[in-house]
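Residue numbers (full-length UniProt numbering), protein chains in the order written: chain Z, 1 to 256; chain A, 1 to 256.
Just so you know, even glycine gets a beta-carbon here, dropped at the ideal spot from N, CA and C.
All of these numbers come straight from a predicted model, not from anything done at the bench.
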DNA sequence: CGAATAGTGTCTCTTAGACAATATGAA
DNA sequence: TTCATATTGTCTAAGAGACACTATTCG
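And the structure:
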């Protein structure tokens with residue numbers, strides 16, 4: 001058996017080792033802008049990604065994903081969380097690891113094996129930061145625009161992969177909740193899904209998600225203390241029922 | 001902005017760097033053993049995982065996942081593929097990356113950030129190798145048994161995660177095909193799914209997968225050159241229709 | 001009342017789910 | 001003929017999908 005390096009005699013320092021294990025974080029947010037036409041109207045929503053402009057070699061001046069090197073005393077998740085915190089001041093948001101990028105030569109500084117996370121952040125959490133550093137070297141870009149840009153390193157690929165991943169997860173998990181307030185209307189949920197997955201279309205969305213036995217339990221109506229339905233009219237004249245996600249999960253299957 | 005290490009002045013050799021980037025591979029296979037009672041009967045199938053016994057420090061004598069260190073000239077996927085090839089002689093099988101393990105202190109040899117893959121291999125591909133090294137330091141273990149063992153490093157956790165991952169993917173993707181011949185019967189498919197996901201039960205499985213409009217296209221009947229249905233009686237007196245997977249995919253969704 | 005969003009009625013066709021019943025062919 | 005697997009019949013209740021229709025309330 002020639003195979004098991006871990007099982008062979010181990011001589012520290014004998015091998016070439018990586019020059020660093022960075023994490024890169026694809027920070028998504030959905031911005032809402034009101035239509036000017038009417039006051040009460042569904043806002044325009046757009047999926048955006050946070051990029052920073054590099055100040056030094058390599059890729060000086062180019063836009064890149066935020067990130068940084070892992071320390072020996074933390075794991076990759078802690079590293080990404082720390083970088084996210086340092087970059088946006090945001091904590092306690094949904095962040096998930098999705099892939100490793102280890103193509104030889106991907107970083108001119110040396111052998112860097114990068115770990116990519118995506119984070120979903122509500123616009124309001126980014127608000128202060130954006131005010132602080134506006135017109136600085138940190139900016140939100142619409143994803144479609146970012147995809148066209150020549151990003152540093154292989155960050156274009158990472159962004160593309162991340163986008164595919166959250167599109168998939170938007171439909172198969174409840175990450176939609178990360179872009180929504182605790183209590184939301186059916187339209188808001190529908191809009192969020194469509195913002196991330198433009199192809200998504202369900203004509204009878206409200207019925208499928210509320211009145212169907214198999215889906216009952218994914219979300220539930222919110223009531224006030226008196227047990228009366230709680231509604232919102234932030235987007236319409238006619239008040240809309242508010243819902244919240246439950247904690248129930250659901251196993252999807254091709255075969256059932 | 002204190003955050004972007006990649007954007008700050010870069011001084012090579014200034015930081016502590018990892019001591020290695022290994023890959024670990026969870027190699028799954030499904031073994032079939034015939035029931036002794038009758039010749040033509042559905043075989044007993046069992047999900048097994050390949051482990052190796054370590055010959056040296058650390059964790060000498062303990063069982064571990066196969067794997068090895070990444071070289072500077074290859075990416076992690078190539079590394080895992082090479083290790084799999086060296087370990088089992090197997091090539092061209094389904095292998096997928098699923099997580100990184102970077103807990104500080106997980107490897108007494110130093111700062112090792114490990115990348116975990118799972119591979120799905122048909123028993124027949126392992127047959128030669130097993131004959132070669134039988135009663136040696138490479139063995140298949142039933143997963144339930146392996147989960148009870150004290151594996152080296154954090155390999156117990158990795159195995160648990162891998163198992164959860166393939167259970168999920170067994171139901172949401174067509175990885176079942178990796179455990180099946182090109183042409184298979186409905187019972188075989190059903191058995192494979194149940195072997196990986198013991199809770200899976202569909203009473204009307206055959207109809208759901210063949211006669212349902214929404215699922216039409218996942219598998220298709222095999223016919224011979226004359227257009228006649230191709231059947232197999234390897235498990236039963238009554239011959240069963242053979243099917244194959246098509247290339248059609250299907251987007252699962254909680255919301256539709 | 002018109003605009004804009006929220007939500008219901010209704011109809012048809014398909015599917016889910018449960019079981020019973022029948023089919024096949026070697027031992 | 002029996003046995004083990006393969007496959008179809010049948011019935012009911014529920015869901016999918018399409019689209020027209022009603023509801024609410026601000027301006």
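Not a single CB atom of chain Z sits nearer than 8 Å to the CB of residue 241 of chain A. Across the structure, residue 88 of chain A and residue 225 of chain A are spaced so that their CA atoms are roughly 36 Å apart.
In the three-state scheme derived from DSSP, where H, G and I count as helix and E and B as strand, residue 145 of chain Z is classed as helix. The beta carbons of residue 27 of chain Z and residue 50 of chain Z sit about 4 Å from each other, so the pair counts as a contact at 8 Å. Residue 102 of chain Z sits away from residue 161 of chain A, with the two beta carbons spaced by 8 Å or more. Identification of chain Z residues near residue 73 of chain A by a Cβ-Cβ cut-off of 7 Å yields 104, ordered along the chain. When DSSP reads this structure, residue 227 of chain Z sits in no beta bridge, so it has no partner. According to the DSSP assignment, residue 45 of chain A belongs to the beta strand (DSSP E) that extends over 44 to 53. Annotation for residue 244 of chain Z: 182, 183, 184, 219, 220 and 222 place their beta carbon closer than 8 Å to its own, counting only its chain and skipping 5 residues before and after. Measuring C-alpha to C-alpha distances from residue 90 of chain A to each of A:121, A:254 and A:142 identifies A:121 as the nearest.
Residue 114 of chain Z has Z:101 as its beta-bridge partners, per DSSP. When Cβ pairs closer than 8 Å are counted between the two stretches, the region 13 to 24 of chain A is seen not to touch the region 242 to 256 of chain Z, the count staying below three. Excluding five sequence positions before and after residue 156 of chain Z, the CB atoms of its chain that fall closer than 8 Å to its own CB belong to 147, 149 and 150, given in chain order.
For residue 254 of chain Z, the chain A residues whose C-beta falls within less than 8 Å of its own C-beta are 171, 172, 173, 174, 215, 218, 250 and 252, listed in chain order. Collapsing the DSSP output to three states places residue 245 of chain Z in a strand.
Boundaries of the alpha helix (DSSP H) around residue 157 of chain A: 155 to 172. Within 10 angstroms of the beta-carbon of residue 73 of chain Z lie fewer than 16 other beta-carbons, which makes it exposed.
Flagged as an interface residue toward chain Z: residue 20 of chain A, by a C-beta distance shorter than 8 Å.
Linking residue 98 of chain Z to residue 240 of chain A through their CA atoms gives a straight-line distance of about 41 Å. Chain order gives no chain Z residues near residue 157 of chain A, where near means a beta carbon separation below 8 Å; the closest approach is about 12 Å. Taking 8 Å as the Cβ-Cβ cut-off, the region 80 to 100 of chain Z approaches chain A at 83, 86, 87, 97, 99 and 100, given in chain order.
Our two residues, residue 205 of chain A and residue 193 of chain A, have alpha carbons roughly 11 Å apart in a direct line. For residue 76 of chain Z, the nearest CB of chain A lies under 8 Å from its own CB, placing it at the interface with that chain.
Straight-line measurement puts the Cα of residue 33 of chain Z at about 29 Å from the Cα of residue 61 of chain Z. Residue 209 of chain A is not a Cβ neighbour of residue 175 of chain A, given a cutoff of 8 Å. Sequence-distant Cβ neighbours of residue 195 of chain Z in its own chain, meaning closer than 6 Å and more than five residues away, are 30, 45 and 47. A distance below 8 Å separates the beta carbons of residue 83 of chain A and residue 67 of chain A.
Between the alpha carbons of residue 77 of chain A and residue 96 of chain A lies a distance of about 8 Å. Taking CB atoms only, residue 202 of chain Z has a neighbour in chain A less than 8 Å away. For residue 187 of chain Z, the enclosing alpha helix (DSSP H) covers residues 186 to 196. Taking a C-beta distance under 8 Å as the contact criterion, residue 171 of chain A and residue 197 of chain A qualify as a contact pair. For the C-beta of residue 193 of chain Z, the chain A residues within less than 7 Å are, from N- to C-terminus, 255. Rounded to whole angstroms, the separation of the alpha carbons of residue 256 of chain Z and residue 246 of chain A is 18 Å.
Residue burial is scored here from C-beta neighbours: residue 63 of chain Z has at least 16 other C-beta atoms within 10 angstroms and is therefore classed as buried. Per DSSP, the continuous alpha helix (DSSP H) segment holding residue 210 of chain A begins and ends at 205 to 210. Put simply, the CB of residue 113 of chain Z is near chain A, with a gap under 8 Å to one of its CB atoms.
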